[in-house]
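Report on the following structure.
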Amino acid sequence: MKRFTQMEYKDPDEMLFGHAKFPVKIRENMEIGDGYVIPEINVAPGEGTEESKEKMVSESRNIAHSASERAVNIGLPAFILEQEHISQQTNNPDWTAECTKVQIEMLEKYYDEYGIKTALRATPADIRDEEKDSGFWDSDLFNKVIESIEACASNGASIVSIETTGGKSVSDYGIARGDPKAILFGIGVLGSMDMEYMWNKIVLICKKYDCIPGGDTDCSQANTAMFLAGGLLDKDCSHTLAALARAMGAARSLVAVECGAMGPLKDCGYENPIVKAITGVPISAEGKNAVCAHSDLMGNLMAAVTDVWSNESVYHREEMGGTTPEVWLQATGYEAALMNTAIETDNGKILRDLYTLTDKYRDPQALVLAYDNAYRIGQAIVEYGDDPYLRARAAALEAGAIINEAVDAKKMYLTRFERDSLDSALKTLEKLPTESDKFIKDCIRRYSRKIADFDPKNYEL
Amino acid sequence: MKRFTQMEYKDPDEMLFGHAKFPVKIRENMEIGDGYVIPEINVAPGEGTEESKEKMVSESRNIAHSASERAVNIGLPAFILEQEHISQQTNNPDWTAECTKVQIEMLEKYYDEYGIKTALRATPADIRDEEKDSGFWDSDLFNKVIESIEACASNGASIVSIETTGGKSVSDYGIARGDPKAILFGIGVLGSMDMEYMWNKIVLICKKYDCIPGGDTDCSQANTAMFLAGGLLDKDCSHTLAALARAMGAARSLVAVECGAMGPLKDCGYENPIVKAITGVPISAEGKNAVCAHSDLMGNLMAAVTDVWSNESVYHREEMGGTTPEVWLQATGYEAALMNTAIETDNGKILRDLYTLTDKYRDPQALVLAYDNAYRIGQAIVEYGDDPYLRARAAALEAGAIINEAVDAKKMYLTRFERDSLDSALKTLEKLPTESDKFIKDCIRRYSRKIADFDPKNYEL
Amino acid sequence: MSYEDLENRINQRNVFLRYNVELEGPAIKPEEDEDVVDILPNDEPFKSIALTILHENRDDAINIVKKSLDEGVSPIDIINEGLMKGMDAVSVLYTKGIYFLPDLMLAGDAMMESVKECEAVLGHKSETKATVVSFVAEGDPHDIGKNLILMFLRAGGYEAIDLGRDVPAADIVEAVKEYNPIFITGTALMTTTMTAFPKVVEALQKAGLEVPAIGCGGGAVRKDFVESFPMSVYGVEAYHTPKLADAILKDKKDWKDLRKEYVDIVDEFVPEYS
Amino acid sequence: MSYEDLENRINQRNVFLRYNVELEGPAIKPEEDEDVVDILPNDEPFKSIALTILHENRDDAINIVKKSLDEGVSPIDIINEGLMKGMDAVSVLYTKGIYFLPDLMLAGDAMMESVKECEAVLGHKSETKATVVSFVAEGDPHDIGKNLILMFLRAGGYEAIDLGRDVPAADIVEAVKEYNPIFITGTALMTTTMTAFPKVVEALQKAGLEVPAIGCGGGAVRKDFVESFPMSVYGVEAYHTPKLADAILKDKKDWKDLRKEYVDIVDEFVPEYS
Ligand SMILES: [Zn+2]
Ligand SMILES: [Zn+2]
Ligand SMILES: [Zn+2]
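These protein sequence lines are chains A, B, C and D, in that order. Count the first sequence with UniProt numbering and you get residues 1 to 461, in order. Count the second sequence with UniProt numbering and you get residues 1 to 461, in order. Count the third sequence with UniProt numbering and you get residues 1 to 274, in order. Count the fourth sequence with UniProt numbering and you get residues 1 to 274, in order.
Written out as structure tokens, the structure reads:
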């Protein structure tokens with residue numbers, strides 16, 4: 001496996017939405033990252049549709065139908081439908097197969113009738129159980145996940161993604177307690193190990209069926225920190241610590257690309273700008289048009305260097321303005337259109353900078369993802385590129401440095417809680433061993449005792 | 001009453017979002033149109049809350065609470081809450097009074113606690129009945145509307161608006177049948193007459209209570225055409241005819257300002273850019289962040305010269321990302337933030353042009369509202385400023401000319417239906433009498449026979 | 001860079017497409033559409049009468065109808081063999097997306113006025129398949145949807161009673177007593193007015209009245225809401241209305257059947273029902 | 001203009017404000033908060049024990065507790081007069097927005113480990129007010145919300161049984177038989193997993209079991225959904241849980257009461273219930 005020890009982008013200013021170093025081609029005519037931004041729509045099946053295969057298949061078809069119909073009705077040149085599968089689908093690979101098939105049929109019908117460029121990203125659920133003795137890498141549930149991925153690829157999905165959950169029990173423990181060591185172990189070590197294990201398998205399956213291995217996201221870890229961090233008034237996770245977790249998440253999500261994932265990386269990976277800076281693969285991102293799913297403090301900034309623009313997720317139901325696939329595809333589609341107009345008129349970089357500067361100093365989490373700072377974190381990662389632990393640690397330290405510089409420049413203002421937790425986290429991280437083995441041994445001892453769900457055997461440790 | 005016979009803006013390029021010639025000051029510190037864009041959130045009471053005053057008051061309080069809480073949590077410097085009242089509220093002015101009171105209390109609580117700038121726009125429903133012998137200008141229902149407006153103003157509403165419906169039966173008839181004469185009579189003549197009657201009264205009430213008379217919208221007429229026109233695949237109203245109706249709507253909505261309305265004009269008045277070009281008052285607009293309520297083909301373009309940015313309307317309920325007041329205030333707030341960043345960095349005009357050019361040639365309706373073309377329509381209106389009929393006709397003819405020029409320049413492409421209905425409408429409009437009296441007499445004869453609900457006596461004709 | 005310079009740089013196709021323009025087929029005369037050919041009568045004066053409706057030509061329609069009546073042609077035949085066939089053809093072109101709403105409304109106007117001429121000779125109202133009552137929910141001022149429904153029902157051969165906008169439940173009870181409809185349609189644009197529908201059902205039940213079904217539709221109306229009370233069926237498109245009425249009339253379907261068999265009855269893919 | 005030039009032009013206050021920074025009051029020591037002063041014991045060793053919990057200092061807590069136990073202080077008193085008081089104070093600071101989640105979790109860890117020391121001397125589990133069972137819905141892997149609830153319940157003096165994530169209804173039935181809880185809490189992040197709640201209720205009913213209430217909450221969970229089946233109450237904030245449990249325990253409230261009196265029970269403005 002090739003580890004990244006150099007940046008594919010040579011200058012952060014090279015990065016721009018709609019442009020990736022290595023565009024990804026879907027069918028004959030959709031090229032992701034080749035000079036335009038493509039909207040992505042993701043709709044969660046409505047309650048009750050999990051009750052039977054028949055209902056789920058019909059729900060999947062309806063979602064694809066609504067999205068396609070609206071796309072044509074408002075004149076979108078292209079769009080990607082993402083379907084994040086729920087556990088019942090992944091648990092039953094034949095559901096996955098059938099749902100994928102009807103969605104691809106619907107998308108192709110619209111392509112044939114109208115010439116609209118369409119693609120399906122299918123995202124099975126990571127239904128594995130991290131508990132002790134559960135056989136994280138070798139169990140019935142694990143096999144279902146792999147079978148479901150194959151069911152997607154073999155039934156025509158254009159892109160396959162997954163949100164793997166390796167190390168979540170440990171990172172959750174750390175996030176809830178403000179323990180940067182646990183977060184680093186959970187994301188940087190266990191998360192990266194699990195990614196490698198899973199993505200080597202996924203890429204092989206995709207190759208067999210000429211399906212694009214899309215990429216992963218640190219949703220289960222760094223996004224847990226972000227969601228708990230919440231808004232300015234929330235009190236559950238320090239926003240500085242969430243920023244460090246995000247930087248670590250980049251070192252982890254990078255592994256999918258190292259295993260052969262080609263992008264577009266998955267929308268909810270807020271670490272994607274960092275991974276793009278390192279690897280040059282196209283990414284998907286979400287922000288101000290994902291308010292249906294969650295609130296973040298960087299809704300404009302996340303658009304700055306993305307190639308695909310997503311709504312994250314929304315229940316399937318009706319609004320005044322139409323069904324949710326219609327409403328939210330229109331929302332992401334209109335923003336993508338603005339970006340494409342900026343590209344067409346050679347104002348892409350100005351719009352990129354406006355997006356970025358709108359949010360850059362609103363929150364430490366936004367700050368470290370501004371494309372210039374994302375690039376810096378990328379550099380810190382590739383410097384230690386060969387060692388997943390050290391590069392995740394370096395990413396977090398660089399994120400801390402970025403925040404501290406902005407505070408010193410009086411551009412970023414922190415609360416006491418943010419200030420204290422950053423200081424204490426950096427102190428802890430700096431003192432950690434510089435050898436991976438030593439760190440891992442220490443963490444195994446410490447956290448297998450404290451965390452009921454953490455079982456080193458799951459990771460062959 | 002002062003009729004506008006000159007443009008307040010001397011050059012379309014002077015127009016920019018967040019900037020109005022005559023900013024409107026609310027309380028000590030919110031100035032609308034004074035160099036920044038303010039988000040507006042509008043949430044419709046949930047089903048069942050119309051059953052009792054108690055439920056409606058509590059619903060109103062909750063909406064204000066959710067919006068305020070999210071605004072602070074994401075750091076918005078300012079926002080406007082609009083409450084469009086439902087018929088039960090306007091029918092019961094004591095409901096209106098109490099709902100307004102609790103909303104203002106909530107907004108002031110947040111202002112006091114956090115310093116966030118807040119304002120309430122209260123919009124009673126036009127519950128009058130246009131049917132024959134209904135006493136459109138002098139009935140119980142009419143009195144309820146006036147009492148409700150007073151209840152808003154006297155209970156602390158910062159801004160009062162209304163969507164008057166004068167002439168709707170005639171314009172609806174015309175829109176459904178593609179009859180430009182009926183549309184012109186319904187909007188340009190009856191609509192303008194009703195506006196004058198209503199707004200002279202509203203402005204007097206507002207003055208009494210130091211409340212801002214906001215403005216009106218041609219929602220009941222030009223928006224009916226727009227909604228029926230729908231998307232590219234819809235077949236109910238020609239998009240060229242909808243564009244002409246919109247131009248006429250500007251001549252009509254202008255009347256509120258002539259009567260003393262100060263802005264911000266109401267969000268759903270897609271004709272607002274034209275009225276702003278003429279009058280210099282701040283406007284509210286809606287577009288890509290109003291997908292919750294409806295689909296339009298100019299979601300970016302409508303932001304180009306607006307001072308307040310709205311979501312139009314959404315049911316009050318929960319989404320994954322929070323309650324709808326939270327979710328949609330965040331949506332409009334993030335777009336306003338992007339505009340404000342553009343203003344701060346002196347890139348306002350570039351973003352304005354990107355917004356505009358994204359949509360300008362997508363649809364004839366968008367084309368005539370691009371700020372340069374909106375300005376041209378404004379000029380056509382003020383040329384005949386003294387005569388409501390002639391100026392509405394001039395607006396429509398100018399809109400037609402704008403579309404034809406773009407077609408000739410091969411920038412705008414029309415379907416046969418659009419082409420035919422534009423040609424036939426322009427032919428009809430050109431042949432119309434140049435004297436208002438003659439036109440009105442002719443229309444009264446023609447349409448009182450054909451339209452069951454149209455009663456000239458309602459307009460003292 | 002100036003606005004004009006920017007404008008000239010854009011390849012609009014990379015931002016938005018106008019699929020309606022891209023996909024427009026060649027213009028054909030409405031009477032040449034293959035489905036219309038099947039519907040139009042071959043014999044005169046019915047063919048000419050049907051064509052005036054198809055061409056939305058009110059004045060010609062009335063003239064030919066009057067002339068035919070003068071010549072002794074049966075008013076019933078003129079209605080059924082001429083006017084209704086023309087209107088059938090118009091409906092077909094509308095549902096196929098070739099005709100537009102104004103075509104439908106203008107043809108409908110021409111048909112209704114021509115029918116009146118026939119009824120004048122007949123001395124009474126012409127026979128219809130059955131009666132349907134249509135209203136807009138109390139508190140709701142938007143009636144274009146309802147007017148569309150009226151037009152489809154009349155085109156489909158039904159007597160459609162128009163109760164207007166903003167109709168209280170009591171008025172609907174009265175109308176049911178008076179007209180004994182096989183079907184009621186209600187429309188609402190707002191969530192806070194769609195709540196009028198269950199109140200109508202309640203009022204009917206209190207009055208001891210039953211109707212095979214009440215079709216509820218319009219902007220804000222959601223299927224799950226409509227199905228939360230009895231007697232109702234969620235209507236998706238205005239042009240589905242006569243098909244639902246036919247199912248009630250011919251196949252004795254009630255609201256429970258309509259909910260279950262909606263897709264079969266309207267005979268097309270309806271996401272809301274699948 | 002370069003990115004840096006643009007950046008330097010912005011007055012951030014015209015775009016977004018950081019209200020959390022703007023409004024931060026002066027730092028005070030947690031033990032000086034007036035509500036905390038009311039809670040903390042005055043006598044030693046309880047005061048010192050409570051302070052170690054308040055300061056989230058696990059090692060010190062265990063040390064002082066061990067020392068006190070060695071000196072013959074009653075383990076029951078240490079728990080009730082020392083550890084629980086400290087934890088009460090932590091909960092108060094958390095609900096006041098002065099303490100944060102990590103404070104709560106670390107203090108909770110310190111308390112739980114110290115309680116274990118006392119129980120070792122006691123020879124059995126310490127007494128709690130009552131037992132509550134907590135689970136994450138079947139199919140749902142997200143358990144931070146549930147862990148928060150566990151911590152609040154334990155801080156509130158309850159025995160909180162942790163059934164973990166992704167729990168089938170059958171396991172909950174078994175747990176109810178085994179623990180006879182006065183309250184069950186279930187959390188779900190997804191709409192398609194919250195549908196597990198009514199299934200749990202059904203399974204309990206089938207097994208002939210009843211529980212005063214099942215609190216249902218979490219990301220995707222909506223009040224209207226929760227109230228569409230019996231035994232349930234929609235929970236808004238994790239820290240409401242011990243208050244709901246208290247209402248069941250002391251005032252014999254059941255799910256119907258909790259739905260009606262939620263605001264009074266949790267004693268704050270809750271938009272979802274007003
Ligand atoms: Zn995710
Ligand atoms: Zn997602
Ligand atoms: Zn409106």
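Ideal Cβ positions, reconstructed from N, Cα and C, are used throughout, including at glycine.
- Taking 8 Å as the cut-off, the Cβ atoms of leucine 301(A) and glycine 287(A) count as close.
- When secondary structure is reduced to three states using DSSP, leucine 265(A) falls in the strand class.
- The C-alpha of aspartate 172(B) lies about 8 Å from the C-alpha of alanine 182(B).
- Here valine 37(C) is exposed: its Cβ has fewer than 16 other Cβ atoms, across all protein chains shown, within 10 Å.
- Within the DSSP secondary-structure output, valine 57(B) pairs in no beta bridge.
- Nearest neighbour of asparagine 20(C) by Cα position, chosen from Asn29(A), Ala71(A) and Gln6(A), turns out to be Ala71(A).
- Our two residues, glutamine 89(A) and tryptophan 95(A), have alpha carbons roughly 5 Å apart in a direct line.
- The shortest C-alpha to C-alpha distance from leucine 120(A) to any of Arg61(A), Phe136(A), Glu163(A) and Ala176(A) is the one to Arg61(A).
- Distance from the Cα of glutamate 344(B) is smallest, within the candidate group Glu344(A), Leu354(A) and Ala337(A), for Leu354(A).
- Residue environment analysis places glutamate 50(A) among the buried positions, since at least 16 neighbouring C-beta atoms fall within 10 angstroms of its C-beta.
- Taken through DSSP and simplified to helix, strand or coil, alanine 160(D) comes out as strand.
- A check of alpha carbon separations from alanine 20(B) across Phe4(B), Leu265(B), Ala243(B) and Thr5(B) identifies Leu265(B) as the nearest.
- At a cut-off of 8 Å between beta carbons, serine 274(C) contacts chain A.
- Beta-bridge pairing by DSSP links valine 266(D) to no other residue.
- One thing to note: methionine 339(B) has its Cβ no nearer than 8 Å to the Cβ of leucine 357(B).
- Across the structure, alanine 247(D) and leucine 101(D) are spaced so that their CA atoms are roughly 25 Å apart.
- In the three-state reduction of the DSSP assignment, tyrosine 94(D) falls in the helix class.
- The contact set of asparagine 200(A) on chain C, defined by CB atoms closer than 8 Å, is empty, because the minimum CB distance reaches about 37 Å.
- Your pair methionine 111(D) and isoleucine 53(D) checks out as a contact, with CB atoms roughly 5 Å apart and the cut at 8 Å.
- Against chain D, the beta carbon of serine 52(B) has no neighbour under 9 Å; the closest one sits roughly 14 Å away.
- If you draw a straight line from the Cα of alanine 176(B) to the Cα of alanine 261(A), it comes to about 53 Å.
- By DSSP's assignment, arginine 352(B) forms no beta bridge with any residue.
- Using a Cβ-Cβ cut-off of 8 Å, arginine 416(B) does not count as an interface residue toward chain A, since no Cβ of chain A sits closer than that to its own.
- Comparing alpha carbon positions, the residue from Gly219(D), Lys47(D) and Gly157(D) closest to histidine 142(D) is Gly219(D).
- In the structure shown, methionine 248(A) adopts helical secondary structure according to DSSP, grouped into three states.
- For asparagine 223(B), the distance from the CB to the nearest heavy atom of ligand 3 is below 7 Å.
- Annotated three-state conformation of glutamine 379(A) is helix, per DSSP.
- In the three-state DSSP reduction, arginine 362(A) falls in the coil class, being neither helix nor strand.
- Relative to aspartate 296(A), the option among Ala285(A), Thr306(A) and Val305(A) whose CA is nearest is Ala285(A).
- Threonine 332(A) and aspartate 34(A) have their C-alpha atoms spaced approximately 18 Å apart.
- Counting along the chain, glutamine 83(A) sits inside the beta strand (DSSP E) bounded by residues 78–84.
- Using a Cβ-Cβ distance cut-off of 8 Å, the region 65–74 of chain D and the region 41–56 of chain D are in contact, since at least three pairs of beta carbons, one from each stretch, lie closer than that value.
- Not a single heavy atom of ligand 1 lies less than 7 Å from the C-beta of cysteine 292(A).
- Contact check between the region 159–171 of chain C and the region 120–135 of chain C: three or more CB pairs, one atom from each, fall below 8 Å, which counts as touching.
- Against tyrosine 315(B), the close residues of chain A are Glu319 and Met320, in the order they occur along the chain (beta-carbon pairs closer than 9 Å).
- The alpha-carbon of lysine 253(C) is positioned some 20 Å away from that of phenylalanine 152(C).
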